[in-house]
Every structure is written in C-alpha cells, then in structure tokens.
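Q:
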Amino acid sequence: MTDIRPLPTPGPATAVGPGGQLRAGEPGNDARPSAPHRAGPGAAGGKPGAAGGAAGMVPARPCRADGLTLLGEFAGSGLDRPVQLARRGDGQVVALTELLAHILAAADGTRDVGAIAGRVAARDGRAVSGADVHYLIADRLMPLGLIAAAGGATPTPRAAAMFTLAARRTLLPAPVVARLGGVLAVLFRPAAVAGLLALLVAADVWALRRHSVADSAAAVLATPALMLAVVGLTLAGALVHECGHAAACRYGGARPGVIGFGMYLVWPAFFTDVTDSYRLSRRGRLRTDLGGIYFNGLYALLLCGALAVSHAEVLVTAIVLAHVDAARQLAPFVRLDGYYIMGDLAGVPDLFSRMVPALRSVLPGRRRPPSAGELSGDQPAPPGGAGHAGLAGGARLTGLTRRARLVVTAWALLAAPAIGVNLVMLLVSVPFVVPRTARAVWAQLVPAGSAIGDGQVLTAAVDAAAAVVLALPAAGMLFVLFLLGRAVGRGLAAHRRRRRGRTGPVGRRQ
2 MTDIRPLPTP
12 GPATAVGPGG
22 QLRAGEPGND
32 ARPSAPHRAG
42 PGAAGGKPGA
52 AGGAAGMVPA
62 RPCRADGLTL
72 LGEFAGSGLD
82 RPVQLARRGD
92 GQVVALTELL
102 AHILAAADGT
112 RDVGAIAGRV
122 AARDGRAVSG
132 ADVHYLIADR
142 LMPLGLIAAA
152 GGATPTPRAA
162 AMFTLAARRT
172 LLPAPVVARL
182 GGVLAVLFRP
192 AAVAGLLALL
202 VAADVWALRR
212 HSVADSAAAV
222 LATPALMLAV
232 VGLTLAGALV
242 HECGHAAACR
252 YGGARPGVIG
262 FGMYLVWPAF
272 FTDVTDSYRL
282 SRRGRLRTDL
292 GGIYFNGLYA
302 LLLCGALAVS
312 HAEVLVTAIV
322 LAHVDAARQL
332 APFVRLDGYY
342 IMGDLAGVPD
352 LFSRMVPALR
362 SVLPGRRRPP
372 SAGELSGDQP
382 APPGGAGHAG
392 LAGGARLTGL
402 TRRARLVVTA
412 WALLAAPAIG
422 VNLVMLLVSV
432 PFVVPRTARA
442 VWAQLVPAGS
452 AIGDGQVLTA
462 AVDAAAAVVL
472 ALPAAGMLFV
482 LFLLGRAVGR
492 GLAAHRRRRR
502 GRTGPVGRRQ
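The numbering of the sequence shown is my numbering, which starts it at 2 and goes up by one.
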C-alpha cells in the first residue's frame, strides 16, 4: 500500500526516517518515515569547544560510521539552498549542508581534524579551521551517528513522523527485491508503458461491457469461498503494487530495499523501502511514486486476461477492486502514494512537517519578524516529530522556493480541513460505532463457532475473517484517539517546560 522513503526536511543536519514508499509506507500502500530529528544549525557558526562534553569524544582521526553512504545532492529540491543527503547503515537518511557533507567526505580515518579542515577549505572555498571541524563533528555529525565514536557505540537517532507504519516485518529481503525489480524494470520503458496502458483501457471496456459488476459482487457476497478468493486476489494485488515501486526504483537507477508488511494505524499494510530513490531526479522519484499505481493497472490487465480464458465471474469484482485500490492510493492527505507524489512535485519531502507554518503564513496580521532559528529552519521539532521552517514577516515559508511554497501552502489549505473534518467525525461517531461494532463482531463469531461445531471449516473461516474486518475500523478509531491524546499531552508538557525555562531566570534575578 505504501512505499517507504525516509524524507529529509533539511536544516543543517537533519536525520530523516528510513524509507513507505515506508518512501515505508502504509498498508496496501507505501510507507515512508519522514519527520526529521533536528541537530541544530549545521554551519560552522558555533564557537569551537561549545559542544561541551561531546567534543572530547571526537576521535584523533575521525572516520565515517560503518555503512554510511553519501548520496549526493537532493535533486529537484524545493529548498532555496543545496542539500546533500547521506544514508546510514541502518537505512536512516540525513539531510546535510554542503559544509557538513564535505567534512564527511574527508573523514576517512586517515586524517586528523586539521587535515580535514584543509581539504574542506580547498573544496568549499571558505576558511575552515581544525577547531571548526572538531566542533561540527562533535556537535552535529556524531550525535546523528554519522561519525564513528572513538571507543563507544555510535548513536543512531531515529526520525519520528506523523501517521507512519508500525510493527514492520520483512517479507522479501533486499537482494530478492533488487533482482525482481531488475526483471520487471523493462515494463517502464516508454513504449511498454504506452502499449500496456492502451491494452488496459481496451480490456476494461471489454470486461465492463460483457460482464455485470453487480451480479459478480452479489455472487461473492453470497458465497464464502468466493469471498475468500477475492480477499486473496486483493492481497496479491497489494504485493504487485509494491513490486511496481521496486521496479520503478530500479529502472531509475536506484536500489530498492525490502518489501515487508506492518500496521498503518490498525490496518495491515505492505510497504517497499525505496529510500535509495532520493538519489534520483525529481522525475525518477515521481516514477517511483507512480510505479505502484501503474502495476495496479497491469494486475487488472492480468485479471482481465484470466477472465477471458476462464469466464469466472468472481474476477470481475477483483478487477474493480484493483482499480479502486489504485484510485485510493492517490489520496494526498495520508501517507499513501498521492502524498509522496505531492511532496515530490513540491520538492519538499515531508509535507506534514510544513503544514503548521504553511497555515500560519496565510493568517492576517502576522507581523512578528522571524527568529534566526526560523530563518535557518532549525527550530526544535514540535510534538509528534515534525520540524518546521520559519515565517518571514508572517507571510511566507522560509527556506523554500516560491513554487514550493505555493504547492505546500495549497496542500496545507486542503489537507487541514480534510483532516479536521475527519477528526470531528471520528469524535462524534466513536460513541455510536464502538458498541455497534462489538455487537456486529459477536454476531459473526457466534455462527463461526457453530460452523466449527458442524465441521464447516470454510464457513467458519469466512465468519471469523468478517469479524476481524468489522473490528478493525473501530479499533483504528480508538487508536487514533489514543495517539491524539498522547500528542496533546506531550505538547502541553513541552509548553510547560518552555514556560519554566522562560520564567526561571527571571525569578532568580528578582
């Protein structure tokens, strides 16, 4: 359902999540952890030694952490300054300034900080001292797990993000996915895409003219065996969707990671790790985003072929559901494919982290000048893990190009009401939905128990599966309420801490 691509929201040194697409995505969709863990300003602006105790931990000859890969510049970025990307051995992607990227490139374990400073100065064209490098390694790079510690464990902070996949498990390992993606990548050649999509349109027209969707759906609902068959075909289509993300990633020149499954809120979800697609151009990332939907269409085409050969009416329902799933993926307000498409069009990886500043930017009467932290994009992340850019004069998002600001603001103006309406509906409906769901689940479990007693295993399995499906929405509603309550609690606690921090020194002066 989702692809996983850890997304950067750059500030001088920002850790972003491992890829549904993860770029880890969500069920039947793709999941991508994205909200950044901010490390503070990443320029050589601090005073040497300001890192405190951490500075003493810098190795004599700093070396990049094991498994670290420098991915290069984030192409097609909507940010107004160049951003370099690096991927840790655990898959976490980090957005860096060019200066920090140059330091990482020079930190190969053979140079001390003075030699690194000389090499960086030659490449970056600015005066950088060994003390500057020492400070930046201690205060920026080591806390993010990018430089190996002198004699201890290298920290590996993870990004936190809104609405991400949980309880992930691997279904297909990365080597298998890479080989599979390589085989299927040929389907993304322009001639193949044009021909297959034309064939899909013709097949859909034939199927809908020759067969009745209503009759097929009625037969499925009346026959437990057919219902299980449709569930199986739908799950197979979800896996084909993930293969589409992997194949598109491979076609663009990146290497896909694992295909797995997890829970998106409480819904089961497949995901594909396409973190490496960050090295691609904007066009390559969009191809990766759309690859799953394209493969939904190819799966429907295969089902049409099977229908033509077998005349099994159950396939008509499966074909319709394949198209419904493809359309569902285009929703831009949760972490489905449409969300990543919108983010890549804007060149801004994690849209949720920009929502609040985008909404604030259109409010009238915001005359407060931006702080230095806001201008640099280094404000601490608010509860829920979302970092944000500042506001200039209350009228615009800083750190983004004009085009990106327009796209992000338009998305936020649409997403906020949609999410708000859904939350209100959730709060209003919970008192009615939960008890009715409990009664409906019990009504399914009672005949399931009777069917087991009568030896009707298939009927019992269908009734039990129906009970689970009925329970999931209500369980999801309760889980969302739990997440909201926890976020509000953390926000209030953070607000109290900030207030104590502001009033404490004043009290001492009095």
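All C-beta atoms in this analysis are idealised placements derived from N, C-alpha and C, irrespective of residue type, glycine included.
What residue from ALA467, VAL435, ASP133 has the CA that sits closest to ALA475's CA?
A: Minimum Cα distance to ALA475 is reached at VAL435.
Q: Whole angstroms are fine: how far does the CA of THR98 sit from the CA of LYS48?
A: Note on LYS48: pLDDT 35, under 50, position unreliable in the model; no value is reported.
Q: Using only the alpha-carbon positions, how far apart do VAL129 and ASP113 sit?
A: Rounded to the nearest angstrom, the two C-alpha atoms are 14 Å apart.
Q: Per the contact definition of three or more C-beta pairs closer than 8 Å, is the stretch 60-74 in contact with the stretch 132-149?
A: Taking 8 Å as the limit for Cβ pairs, the verdict is that the stretch 60-74 does touch the stretch 132-149.
Q: For ALA327, which option in VAL317, GLY293, ASP351 has the closest C-alpha, if you only look at C-alpha atoms?
A: That would be GLY293, whose Cα lies nearest to the Cα of ALA327.
Q: Give me whichever residues DSSP pairs with TRP268 in a beta bridge.
A: DSSP output for TRP268 lists TYR265 as bridge partner(s).
Q: Using a Cβ-Cβ cutoff of less than 7 Å, which residues in the same chain neighbour MET478 once the five nearest sequence positions on both sides are dropped?
A: So the list reads LEU427, VAL431, VAL434, once near-sequence residues are dropped.
Q: Alpha carbons only, please: which of PHE262, VAL94, VAL84, MET58 is nearest the one belonging to LEU69?
A: Taking only the C-alpha atoms, the option nearest LEU69 is VAL94.
Q: Output needed for ALA150: all residues of its chain with C-beta closer than 7 Å, excluding positions within five of it in sequence on either side, in chain order.
A: The answer, listed in chain order, is MET58, MET143.
Q: Would you kindly work out how many angstroms separate the C-alpha atoms of PHE296 and VAL241, rounded to a whole number?
A: Between PHE296 and VAL241, the C-alpha separation is close to 6 Å.
Q: Enumerate in chain order the residues of its own chain whose CB-to-CB distance from GLU243 is below 6 Å, with the five nearest sequence positions on each side excluded.
A: For GLU243, where only same-chain residues beyond five positions count, the Cβ hits under 6 Å are ILE260, PHE271, THR273.
Q: For ALA323, which of ALA249, GLY238, PRO350, PRO269 has the nearest alpha-carbon?
A: That would be GLY238, whose Cα lies nearest to the Cα of ALA323.
Q: Distance, Cα to Cα, ALA495 vs ASP125?
A: Roughly 39 Å separates the two Cα atoms.
Q: Assign TRP412 to one of two classes, buried (16 or more other C-beta atoms within 10 Å of its C-beta) or exposed (fewer than that).
A: Classification for TRP412: buried.
Q: Just to confirm before moving on: does the CB-CB distance between ALA230 and VAL315 stay below 8 Å?
A: In contact: ALA230 and VAL315 (Cβ atoms closer than 8 Å).
Q: Which residues mark the beginning and the end of the alpha helix (DSSP H) in which GLY73 is found?
A: Unbroken run through GLY73 is the beta strand (DSSP E), 70-74; no alpha helix (DSSP H).
Q: DSSP three-state call for VAL168: helix, strand or coil?
A: Reading off the sequence, residue 168 comes out as Ala, not Val. ALA168 falls in the strand class under three-state DSSP.
Q: Could you give the residue range of the alpha helix (DSSP H) that holds PRO402?
A: The identity of residue 402 in the sequence shown is Thr, whereas the question assumes Pro. Per DSSP, THR402 belongs to no alpha helix (DSSP H) and is neither H nor E.
Q: Note the first and the last residue of the continuous alpha helix (DSSP H) segment covering LEU299.
A: Counting along the chain, the alpha helix (DSSP H) containing LEU299 begins and ends at 283-311.
Q: Name the DSSP bridge partner or partners of CYS64?
A: Answer is ASP109.
Q: Identify the residues that DSSP records as bridge partners of ILE148: which are they?
A: Per DSSP, ARG65.
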